[in-house]
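One structure below.
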Amino acid sequence: FSDSAEDNYDFAAANPLGTGNYVGACNGTTVICNNKHIGAWDYADIFPPSGQSESDGPDDSNGHGTHTASTAVGNKISAPIGGFIGSNGNLNAPFISGVAPHAHLISYDVCVNSCTGAAINAAINQAIADSVDVISFSISGGFSPWLDSDRTFLDAVAAGILVSTAAGNTSASVTTTFGNVNHRGPWLLSVANSTHGRASSNDMSITAPIPVPNNLVNMVAINGAKDNFSGDVNTNLVYAGDVQAGNEDGCSSFPSNSMAGKIALIIRGSCNFSVKINNADTAGAIAAVIYNNISDVPFVMGGVDTTSIPAAMLGFTDGADIVSFVDSVNANDVQAFVSGTPIYRLVNNLADILNSGSLIGPNNTFDVTKPDINAPGTSIFAAYAGNSTSYAYLTGTSMATPHVSGSAALLISAHPAWSPTEIQSAMMMTARHQNKRSDGTDAIIDEVGSGTVDLAKAVNSPLAMNETYANFVAAEPGTGDPSSLNIPSLRSNSCNGQCAWTRTVTNKTNTSLTWNTPAIRYENEANLQISPNNFTLAAGESQILTFIYTVCSGTLNTIRFGDFALNPSDGSLPTSRITLAVKPTGTGTCTLSDLIFANGFE
């Protein structure tokens, strides 16, 4: 957060308050601000939770705020970078940067161990007074946005501020993801947590006995023990299940010296990673490879500070294929090689996978789909206050949220005249819709919203949707209709035969364009009519679209998903998509025609 950036960006000249001007508690001694970090406020001390207190001032007391802020707006910093929490080795990537490194930052301290509504509301009102462009809120929320703190966020949106919030995570008190998504206000973005494809990984190959199948060469192994591989390891590999039947997961101790000098292959599950690694160590293993028991996504293992041998993780298929190979040959002849030097690369099949702890829909409270969108939030490397290395890998929707917040800041910079809801709709309608669950099956709209934010497409979105403060207020359930709001999702939690929506889209380009809807995609026996199904708009013109969904047959009281595409006549511009979620409670009269059955993303 220095205002002396490596790329020589002039934060002083760009300071919206004027060079050397700051807001809040900045005093130059105990609270130091600069032309990058231009303000700091402390509402946690003014409105603390009962029985909780912290050191006076707006400083980050646990690292969470530093991590999320640096993800959104941290400066670009060149390698080498010093490692991360838990002494998990050194990451010598070319550079690290927040999503919007030239954005300015004002921090608002609202939490001690927990957060009060009074502190949150005071901070939101202060952010409005400070004229910020984006609020990034990596804190949990409720289910009643017209009544809880999300209502104050509507005031922020009315003031021209885009609000990005965390969809929430499983915890000791929230053990089920289904139906527990947080921050349901239709005026804000609720962000789910998915994986990214960037990997600092070691190559792992089976080297003997020959011939070795091609799929067992150059596998991606993610470093994850207290002690990383400091050099190449080339030795015999032993499968835990062969050493001790029933102990494939390594949660029980192995016979003494049963793994002496070997690499131990162990499946994930049933106990902590540290237990598995230490049991292999005690049995004489010189390294441990854990393979995922759920998905093909390896990740940085946590809670391994007490281990003493290097360890890495493989995806499920790689691990299972090794076990099959071991079973097909003389197990004593199997050898493996793990490179000691990590490789920094993009691995496409590691990206866009929903984290199993990310809270999901359905939102059964009212007819608005949540979460809205998802972003990388798993194994995010960013700045961290309070540890010896100043960096950490953290996971959660808290980490996904600032990716969307930083993206919003860049979009606002590119389109300063757009409203918050127009920016929000552009991100949603151009999101990447290829998400998977951790078990490899397709994710649905109630899990990932419109898909993964795709900033390169969002900045070129030819269409956007606007909504007003008055309409948001009037849509309060009980007296209004949230499904009528002009947002890029259609939802009915009770469609008795037929349901309908209208939406208004605006051409945000500088030229006249024509749109058509060649592909309507939805599940099960239904008929969806769109009127008009093609239209032409001059620059700045708007079009009202009408959607009528008729239930023809099929299972009732089960949510059906789909989406429809608006394809612009200029093929260089992205397609705009609006999602659909309908729970039919009865059937109507219709004629089936050219239905494409899908999960909404195919």
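This note's numbering applies: residue 9 is where the sequence shown begins, and numbers increase by one. All C-beta atoms, glycine included, are put in the ideal place defined by N, C-alpha and C.
Hey, would you say Asn201 sits closer than 8 Å to Ala359, going by beta carbons? no
Can you tell me whether DSSP reads Gly26 as helix, strand or coil? coil
With Ile148 and Gly176 assumed to form a contact (beta carbons below 8 Å), what rounded beta-carbon distance in angstroms separates them? Reading off the sequence shown, one finds Ser at residue 148, where the question assumed Ile. So it is a contact: roughly 5 Å between Cβ atoms.
Measure from the alpha carbon of Thr280 to the alpha carbon of each residue in Val81, Gly258, Phe262, then state which is nearest. In the sequence under discussion, the amino acid at residue 280 is Asn, which differs from the Thr named in the question. Among Val81, Gly258, Phe262, the Cα nearest to that of Asn280 is on Gly258.
So what does DSSP say about Val165, is it helix, strand or coil? helix
Looking at the secondary structure, which residues open and close the alpha helix (DSSP H) in which Val412 lies? 405-422
Coarse secondary structure for Pro221, derived from DSSP in three states: coil
By DSSP, does Asn340 sit in helix, in strand, or in coil? helix
Comparing alpha-carbon positions, which option in Asn535, His191, Tyr557 lies nearest Thr510? Tyr557
Is the beta carbon of Val39 closer than 8 Å to that of Gly65? yes
Within the 8 Å Cβ cut-off, does Ile104 reach chain B? Given the protein chain composition of this structure (a single chain), no chain B is represented.
DSSP three-state assignment for Asn479, whether helix, strand or coil: helix
Between which two residues does the beta strand (DSSP E) carrying Ile271 extend? 271-275
For Cys503, collect the residues of the same chain with a Cβ closer than 7 Å to its Cβ; drop the 5 residues on either side in sequence, then sort them by chain order. Tyr557, Val559, Val590, Lys591, Pro592, Thr593
If we ignore side chains and look at the alpha-carbon of each, how far apart do Ala383 and Pro576 end up? 26 Å
Out of Thr519, Ile586, Ile567, Ile294, which one is the CA nearest neighbour of Ala439? Ile586
What is the C-beta distance between Ala229 and Val346, in whole angstroms, given that I count them as a contact (C-beta under 8 Å)? 6 Å
Would Ser10 be called buried (16 or more neighbouring beta carbons within 10 Å of its own) or exposed? exposed
Beta-carbon separation (whole angstroms), Ala272 vs Ala288, contact threshold 8 Å: 4 Å
Quick one: give me the first and last residue of the alpha helix (DSSP H) that Ala611 is part of. Outside the shown range of the chain, which is 9 to 610, sits residue 611, and nothing can be said about it.
Is Ile147 helix, strand or coil by DSSP? coil
Close Cβ partners of Ser427 (< 6 Å) along its chain, the five nearest in sequence each way excluded: Asn474
Determine, using beta-carbon pairs with one atom in the segment 289-303 and one in the segment 445-463, whether at least three such pairs fall under 8 Å. yes
Between the segment 534-548 and the segment 486-494, do three or more beta carbon pairs fall short of 8 Å? no
Compare the C-alpha of Asn231 against each of Ala21, Leu322, Leu553, Ile275 and name the closest. Leu322
Among residues of its own chain, excluding the 5 on either side of Asp50, which ones have a beta-carbon nearer than 7 Å to its beta-carbon? Ala33, Gly65, Pro66, Asp117
N- and C-terminal bounds of the beta strand (DSSP E) containing Val590: 584-594
Classify Ile285 as helix, strand or coil using the three-state DSSP reduction. helix
Evaluate contact between the segment 160-173 and the segment 338-358, counting only Cβ atoms and requiring at least three cross-stretch pairs below 8 Å. no
Residues near Gly277 by beta carbon distance below 7 Å, same chain, minus five either side: Asp257, Asn301
Within 10 Å of its beta-carbon, does Glu14 have 16 or more other beta-carbons around it, so buried, or fewer, so exposed? exposed
Three or more beta-carbon pairs under 8 Å between the segment 187-200 and the segment 363-374, yes or no? yes
How is the alpha helix (DSSP H) around Ala216 delimited, first residue to last? Not the alpha helix (DSSP H): Ala216 falls in the beta strand (DSSP E), residues 206-216.
Sort out for me which residues DSSP pairs Met437 with in a bridge. In the DSSP output, where bridge partners are listed per residue, Met437 has none listed.
Among the candidates Val31, Thr79, Ser539, Leu155, whose CA atom is the shortest distance from the CA of Thr386? Thr79
According to DSSP, residues forming a beta bridge with Trp49: Tyr116
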